[in-house]
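Let me begin by presenting the structure, written as structure tokens, before commenting on it.
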Ligand SMILES: *Cc1c(COP(=O)(O)O)cnc(C)c1O
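In the numbering used here, the protein residues as written are 5 to 462.
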């Protein structure tokens with residue numbers, strides 16, 4: 005018998021979580037205006053809102069924090085992180101930032117100007133935000149298979165080379181500061197990008213004299229998918245694969261709150277000394293001096309160790325194994341889920357789950373609210389509310405996919421918690437015929453509305 009995956013760690017400290025009643029939750033969700041971001045975390049039993057900054061740190065990370073160097077300039081903790089970034093990614097120059105969007109803010113301040121075009125594979129919302137904020141345009145060149153929740157393509161996060169070449173040909177290279185490839189592709193459902201695809205994008209970028217930047221939040225999970233799905237990589241180590249991925253890029257932005265398993269942190273990696281120098285000025289302005297950039301010494305210590313722990317094969321096997329465990333349970337219960345399962349989350353297809361709710365009444369948000377009421381399970385809507393209104397016409401945008409994302413924090417929940425989550429979803433699935441009313445918006449912000457939106461039942 006093949007031995008199943010098991011976590012390569014055991015639990016040393018626990019945090020209590022609280023079960024509530026159906027009546028309590030019905031009241032609380034109404035008080036929260038049916039927006040799950042407005043709930044207090046104590047009102048949630050299993051929190052699958054996000055895997056960002058919610059991971060559990062190891063004893064090694066915590067103990068390294070105790071011996072951190074908090075000097076303003078030249079802290080040893082900075083040098084330890086710098087060496088780790090070089091060792092893991094290969095980038096010689098690096099700037100610490102307080103999180104991923106701060107890395108975007110600093111790098112894009114140097115590279116992106118009004119009228120520019122930044123092609124990529126389903127840009128992450130903050131990435132897109134930082135591009136559009138500078139009056140530039142993000143062009144999505146993801147392969148079409150990404151829109152089909154039933155397609156079993158092994159690398160659904162890939163860039164479509166024809167779409168990309170088209171953008172590069174139609175625009176002068178001076179208007180394209182870089183191509184950005186996000187690994188794994190969060191917006192497309194945590195789907196990986198193949199090494200072959202990264203290599204091809206890099207070749208094309210060189211041909212057109214355009215930089216390639218990797219948005220790297222889940223680079224280690226991407227490497228695991230390359231190892232297990234792509235020909236020629238089964239015998240390579242995760243760290244070898246990671247080094248090869250980054251070798252094709254000119255730079256990287258990183259949200260360390262994901263694959264570096266810290267609660268806060270980020271950085272930028274570069275090869276080009278000139279670009280590093282230009283970005284340094286913005287880092288000092290927005291983040292902090294070059295040797296801390298918005299992080300304390302202890303944050304940098306935890307991050308340096310987290311980069312090694314997050315690229316450990318046994319860890320990645322249990323992490324991605326747990327996501328698949330939940331996904332397979334839901335499949336067994338006939339619940340419509342996005343396949344193949346992503347690296348960090350399971351996505352429920354709300355249009356198939358609640359076909360009776362019209363899109364104008366936000367089926368994914370309706371489902372997310374029901375999952376909370378049923379069992380205190382918090383996921384997040386990835387659908388029309390998150391897609392926002394069209395900036396020009398102000399009409400609601402209805403994306404191809406309307407989903408509830410269940411993102412699993414790293415090293416936090418047991419498989420038994422996954423059994424519980426699946427049972428909650430199954431109960432709602434069994435009573436789905438009785439869910440006939442969605443929501444209408446009573447208050448919304450002009451941009452990034454999903455965080456603060458207020459809703460009412462139709
Ligand atoms: C989380 C994330 C970001 C932004 O990082 P923050 O740390 O949340 O600011 C950017 N890109 C991707 C792909 C992400 O997952």
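Ideal placement from N, C-alpha and C gives every residue a C-beta, glycine not left out.
Asked, Found
"Tell me the rounded alpha-carbon separation between residue 161 and residue 291.", "31 angstroms"
"Is the beta carbon of residue 168 less than 8 angstroms from the beta carbon of residue 205?", "yes"
"Assuming residue 33 and residue 386 make a contact with CB atoms under 8 angstroms, what is their CB distance in whole Å?", "The Cβ separation is near 19 angstroms, so there is no contact."
"Let me know the secondary structure DSSP gives residue 57 once reduced to three states.", "coil"
"Do you know whose CA, among 137, 307, 251 and 241, lies nearest residue 217's CA?", "251"
"Regarding residue 128 and ligand 1, is the C-beta to nearest heavy atom distance less than 7 angstroms?", "yes"
"Say yes only if the C-beta of residue 160 is nearer than 7 angstroms to one or more non-hydrogen atoms of ligand 1, and no if none qualify.", "no"
"Write down every uninterrupted run of the alpha helix (DSSP H) in the stretch 168 to 249 whose length is 4 residues or greater and which is fully enclosed by it, in chain order.", "199 to 211 and 223 to 233"
"Under 7 angstroms Cβ to Cβ from residue 151, same chain only, skipping five residues before and after it: list those, please.", "404 and 405"
"Taking 8 angstroms as the cut-off, decide whether the C-beta atoms of residue 201 and residue 163 are in contact.", "yes"
"Quick one, which of 260, 327 and 329 has its alpha-carbon nearest residue 305's?", "260"
"Is residue 105 near ligand 1, going by C-beta to nearest heavy atom under 7 angstroms?", "yes"
"Using 8 angstroms as the Cβ pair cut-off and three pairs as the minimum, do the stretch 420 to 434 and the stretch 80 to 88 touch?", "no"
"What does the alpha-carbon distance come out to for the pair residue 326 and residue 419?", "7 angstroms"
"Rounded to whole angstroms, how far is the Cβ of residue 73 from the Cβ of residue 310, which I believe are closer than 8 angstroms?", "The pair is not a contact, with the Cβ atoms about 17 angstroms apart (cut-off 8 angstroms)."
"Going by other Cβ atoms of all chains shown within 10 Å of its Cβ, with 16 needed for buried, is residue 77 buried or exposed?", "exposed"
"With H, G and I counted as helix, E and B as strand and the rest as coil, what does DSSP make of residue 19?", "coil"
"Looking at the secondary structure, which residues open and close the beta strand (DSSP E) in which residue 410 lies?", "407 to 411"
"Please go through the same chain and pick out, in chain order, the residues whose beta-carbon is closer than 7 angstroms to the beta-carbon of residue 11, but skip the five residues on each side of it.", "322"
"In the DSSP output, what is residue 400 paired with across the bridge?", "393"
"So is residue 35 buried or exposed if we call it buried at 16+ other beta carbons inside 10 Å?", "exposed"
"Name, in chain order, the residues that DSSP records as bridge partners for residue 142.", "122"
"Under a Cβ-count criterion, where at least 16 other Cβ atoms within 10 Å of its own Cβ denotes burial, should residue 284 be classed as buried or exposed?", "buried"
"For the stretch 176 to 195 against the stretch 119 to 128, do three or more pairs of beta-carbon atoms, one drawn from each stretch, fall closer than 8 angstroms, so that the two count as touching?", "yes"
"Give me the Cα-Cα distance between residue 3 and residue 210, rounded to the nearest whole angstrom.", "There is no way to answer for residue 3, as the model of the chain reaches only from 5 to 462."
"If we call anything under 8 angstroms between Cβ atoms a contact, is residue 384 one with residue 43?", "no"
"Excluding the 5 residues flanking residue 237 on each side, which residues of the same chain have their C-beta closer than 8 angstroms to its C-beta?", "199, 230, 231 and 245"
"The alpha helix (DSSP H) spanning residue 310 covers which residue range?", "301 to 313"
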